[in-house]
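Worksheet: the structure to be examined is printed underneath.
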Amino acid sequence: MEFRRLTGSDLTSLLELYRQLDGDDVQLTPGQSAMVWEEIENNDNIQYFGAVDNGKVVSTCYAVYIPNLTRGGRGICFVENVVTDREYRNLGLAGKVIDMAVAFAKEHHCYKVILQSGAARSEAHRFYEHKGFNGTSKKAFDMRLD
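With numbering that gives the first Met the number 0, letter number 27 in the sequence shown gets 26, and the count goes up by one each step, no holes.
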């Protein structure tokens, strides 16, 4: 098992794992996925992290560094799409990929890391709180633009 930043060679496996995140999600064509991945790879402020077992991405999250004009210019880091393959859950993999995202935030001198989770995912919320995230300090809102 290796823990590392993901690259274009991991894209097919990453997309397979994302099917477990949301089975109702619209699937991109391989060409569309490649175009999005190229945009990601060309932006140093976006990083995908993963646990990779024999070439298969089995746990992942991504982190986005956002520069900020408050807090002394210290940015924020947004972490999203945390998922672990069903066959690899409860092995500590998600915790390690989240740690990689937090390290990325620290490298960028961020003053906070934001992680959102589905409102009904109470087991995941306990896990995130155990990792040090505070589920009561802020209230998040989102607007779906579909």
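Beta carbons are placed, not taken as given, at the ideal position from N, Cα and C, and that holds for glycine.
Cβ neighbour criterion (16 or more within 10 Å) applied to residue i
{"i": "ALA104", "result": "buried"}
{"i": "MET142", "result": "exposed"}
{"i": "MET99", "result": "buried"}
{"i": "PHE140", "result": "exposed"}
{"i": "ASP84", "result": "buried"}
{"i": "LEU144", "result": "exposed"}
{"i": "ALA119", "result": "exposed"}
{"i": "LEU16", "result": "buried"}
Cβ separation of residue i and residue j, assumed to be a contact under 8 Å, to the nearest whole Å
{"i": "VAL81", "j": "CYS60", "result": "4 Å"}
{"i": "VAL112", "j": "VAL78", "result": "6 Å"}
{"i": "GLY72", "j": "LEU5", "result": "The Cβ separation is near 29 Å, so there is no contact."}
{"i": "LEU14", "j": "SER32", "result": "6 Å"}
{"i": "CYS76", "j": "ALA62", "result": "5 Å"}
Residue i - containing beta strand (DSSP E), residue span
{"i": "GLN31", "result": "Looking at the DSSP string, GLN31 is not in any beta strand (DSSP E); the run it does join, the alpha helix (DSSP H), is 29-40."}
{"i": "GLY49", "result": "45-52"}
{"i": "TYR87", "result": "Neither: TYR87 is in no beta strand (DSSP E) and is coded neither H nor E."}
{"i": "THR59", "result": "55-65"}
{"i": "ARG3", "result": "1-4"}
Close-in-space but distant-in-sequence residues of the same chain around residue i (CB under 6 Å, 5 per side omitted)
{"i": "ASP9", "result": "VAL56"}
{"i": "HIS107", "result": "TYR64, GLY74"}
{"i": "LYS137", "result": "none"}
{"i": "SER12", "result": "LYS55, VAL56"}
{"i": "ILE39", "result": "ILE45"}
Residues near residue i by beta carbon distance below 7 Å, same chain, minus five either side
{"i": "SER116", "result": "ALA123, HIS124, TYR127"}
{"i": "GLU1", "result": "VAL51"}
N- and C-terminal bounds of the alpha helix (DSSP H) containing residue i
{"i": "VAL25", "result": "Element bounds for VAL25: n/a, residue is neither H nor E."}
{"i": "ARG18", "result": "10-20"}
Of all the alpha helix (DSSP H) runs that stay within the bounds of the region 109-140, which reach a length of 4 or more residues? 121-129
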